[in-house]
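Structure first, then comments.
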């Protein structure tokens, strides 16, 4: 049936009251409204409640209108018109002892996920509360101020509009947060162990056969025990319990009230794990260290109570629309229309370009500019049009329509409208030339597009599934050069955030078509056959085919009858066949035409029967890339991530946080998954906090999104966790201020004076530091007071070498906690490389290959600031060469071997050190080649006393300019160092090591490719 679209597009007034004929429908809903007797305190009794009947297809705002009308007639509320303002009165319902707010006034009443019941007349009925909003208490204001300080961003001022995406996401994140906190066990959360599932390296198998010497400390006494690596913490607790005077308490009860903690570290041995599974035990085995443990009472652990939630949850279906058949225009009069289905919109999408203005002209201005408008889906431009070229000025006007070659009905959820202002390469048109009536029909403009100057994007389908309408003004971003460090090109250019510097930024103004009703993207089409794809049973998108009536559509589920045994057999066979092609799913999804609604429905049907466990983890991670924007595709991938252990989540956490940038909206399955995992695991939560806080400070394109997600996590943190973050942030702020003052004394290109260390000490004493704090790059380490060993390092950025006392404990004192605080470099690249090295190391470890990597701690704590762990007993190869032979040391063949022989006087230790050096050289050689890390020379390659190699400063990665693509042409290739080993007096051992190096390198590549 051909729809007369124009009659719904004309300007008509929306009726202020619900049409009377709608009340005659049998599809009415009854709301039993409890009114406040005293604002926000008590509610009227049930017999005093107000009953309101409203048609099911009406919106929440129309419910407020009807309720206002009833209360105005009965004078039951002093301010009945206040009900029309959601900021004055809140509507809530109770479900499973939780309160839910009916948040969105545009939500259709029949989609409310409320506890409906049938009244005596058989009508769908629900109880709701009308609650007057109160001013924020002083406690809440202080708490929000604390959160804003930890986040580094004031969300209250940025999310003033309650229906804006940040406000919407803040409220919707309350549900996954409460769900996780309800499941969380306090003791297991507080004493979460650091474990690994990787098998023991082969070189530690001999140590496993021997008993482990463990020193246990309890109540001021210490005693030694011998334990097997397959013992559990419960076995050690039993040894302590048996040594204590006999008491009335049985061991199981006593064991529940105590836990083992590593002396001098924030690390626990708990759970049903073998001792060999704990990271600290493996560290002690590898470095031949004695294990010291202390007994801690669970009752003495820091209080980690979570503060009371101020916000009620919002309705779970808020922001979701109905199926197409329920809101279709087919068979409806204009008085019956509440909203319009996007799939009914036949006309091509268009935008009226009004013009742009810029308050301050840039230093270099092009002669001519043009505006390009694009529809972007994922990372692909699916349609684009260009304006005519005009002279660049403070204000340039076009006032013309740009029409795309795509109809409105095919625009998918997550699509963006992008604008760029480009240099124009065409000559200025003469005054006599006739301007075209439609700019999109002039192909020469797109071909002549020059350098991009400014860009901005608008979400076409917003977070509430509504099509953007009416006049729009976007403050644009200056388009940086791709080589600028702060600009992560692929993600940032897709951001829908506007430039916050509205007084100085370029502003583009345009007009979108405006309709008399909200235009909504339906969530699906009605379908009653679960064995066939929707395109085989649902109506075609061609409006020449009649649409089904509303009665054929179910609001809850398209499944109307349970599957028969034959259907079950078909689905089982389908799943078995699908598993065989799971690895090809990304390639298949790339071929899907996501602008074809019927094709998308078929893919959704397919994914609905695909079990997440049938996906390999690398495939799931690939489905979260920018190439896959569809919500159900990404949900399937996240369902596979939910099966990961906390160890695996931590392994990929940095990449997953970056993946949040390519999510179409703030509220996403991935964001909810990460929030819940961070609240489930303290170790995940710690790094989740710093990864997000770093993005809030350093990435303006996604600052609001990261701030909203970080706030959602912090609202679920207890007092102890928040206090720990406060101390860490206090240290970072103080050191940042110190670093700035040091740079003022010693600029980047200047040399240090002999009094630099003394000046640094004086500046440090001017700042307040907490008595102790957990180190951001490793929360297991707690640092104390500053030592006098602090100094300014003589490199370009003048980093600070800082040393703190270690945590007091019953064990012998360890070395000081060493931190390099760096200001002026973006350490997120270093973090990415180290994280990738850890992933590669985990692959090798799982194959029983320990290559002695030294993944030192490194974390970005803000914009161009961060901390790097000081690796003890390590020096650069250049320093070794200078020490061994002065200025000519680099030409000595045996300098490195002589240095190792000095550090390892025993011949066996020399062999072990050389073998570790060979293994680590092979590992770093493969890693730097695969990752394209350049600028490798002897000043940024270190070696420890045990022979382990360590790479510093990972600038220029992933095929950046200047990187040689062949492994054999990397400067100072490790094979040359191995050749120099042969000059030393090591007998035939070096020939074996040299052969081993060339055996390990290809083996590493094969393992990495296998897991790619």
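Numbering (the UniProt record's numbering), first residue to last: 1 to 1012.
For glycine and all other residues, C-beta sits at the position ideal for the given N, C-alpha and C.
Please read these numbers as outputs of a predicted model, since none were measured by experiment.
Residue i versus residue j - alpha carbon distance
i, j, result
"residue 698", "residue 401", "37 Å"
"residue 111", "residue 322", "7 Å"
"residue 846", "residue 776", "27 Å"
"residue 34", "residue 835", "55 Å"
"residue 869", "residue 625", "31 Å"
"residue 505", "residue 355", "14 Å"
"residue 694", "residue 860", "6 Å"
"residue 232", "residue 271", "8 Å"
"residue 117", "residue 123", "8 Å"
"residue 882", "residue 416", "58 Å"
"residue 945", "residue 903", "6 Å"
"residue 431", "residue 509", "Note on residue 431: pLDDT 40, under 50, position unreliable in the model; the coordinate value appears next. Straight-line Cα distance between these residues: approximately 25 Å."
"residue 596", "residue 522", "14 Å"
"residue 858", "residue 357", "43 Å"
"residue 607", "residue 410", "20 Å"
"residue 440", "residue 639", "Low confidence applies to residue 440: its pLDDT is 39, below 50, so where it sits in the model is not reliable enough to give any reading."
"residue 71", "residue 524", "38 Å"
"residue 193", "residue 404", "56 Å"
"residue 361", "residue 425", "20 Å"
"residue 216", "residue 864", "43 Å"
"residue 279", "residue 299", "25 Å"
"residue 815", "residue 780", "15 Å"
"residue 169", "residue 667", "5 Å"
"residue 1001", "residue 927", "10 Å"
Collapsed DSSP secondary structure at residue i in the structure displayed
i, result
"residue 1043", "A query on residue 1043 cannot be resolved here, the shown segment of the chain reaching from 1 to 1012 and no further."
"residue 29", "strand"
"residue 276", "helix"
"residue 397", "strand"
"residue 237", "helix"
"residue 727", "helix"
"residue 1001", "helix"
"residue 134", "coil"
"residue 858", "strand"
"residue 391", "strand"
"residue 110", "helix"
Limits of the alpha helix (DSSP H) - the one that residue i falls within
i, result
"residue 819", "Unbroken run through residue 819 is the beta strand (DSSP E), 817–823; no alpha helix (DSSP H)."
"residue 148", "138–151"
"residue 181", "174–183"
"residue 327", "324–327"
"residue 698", "682–698"
Counted within 10 angstroms of its Cβ, other Cβ atoms place residue i as buried (16 or more) or exposed
i, result
"residue 414", "buried"
"residue 478", "exposed"
"residue 620", "buried"
"residue 219", "exposed"
"residue 276", "buried"
"residue 326", "buried"
"residue 386", "buried"
"residue 62", "buried"
"residue 27", "exposed"
"residue 628", "buried"
"residue 55", "buried"
"residue 705", "buried"
Host beta strand (DSSP E) of residue i (start-end)
i, result
"residue 942", "941–944"
"residue 803", "800–806"
"residue 348", "348–357"
"residue 874", "874–876"
Cβ-heavy atom distance, residue i to the ligand NAP, below 7 Å
i, result
"residue 312", "Of ligands this structure carries none, so the ligand NAP is not represented either."
Contact set for residue i: own chain, Cβ-Cβ below 6 Å, skip 5 residues either direction
i, result
"residue 672", "176"
"residue 710", "151, 692"
"residue 292", "215, 263, 811"
"residue 284", "291"
"residue 101", "90, 92, 312, 314"
7 Å CB neighbourhood of residue i in its chain, flanking five on each side removed
i, result
"residue 720", "302, 303, 304"
Beta-carbon proximity list for residue i, same chain, < 8 Å, skipping 5 on both sides
i, result
"residue 87", "133, 162"
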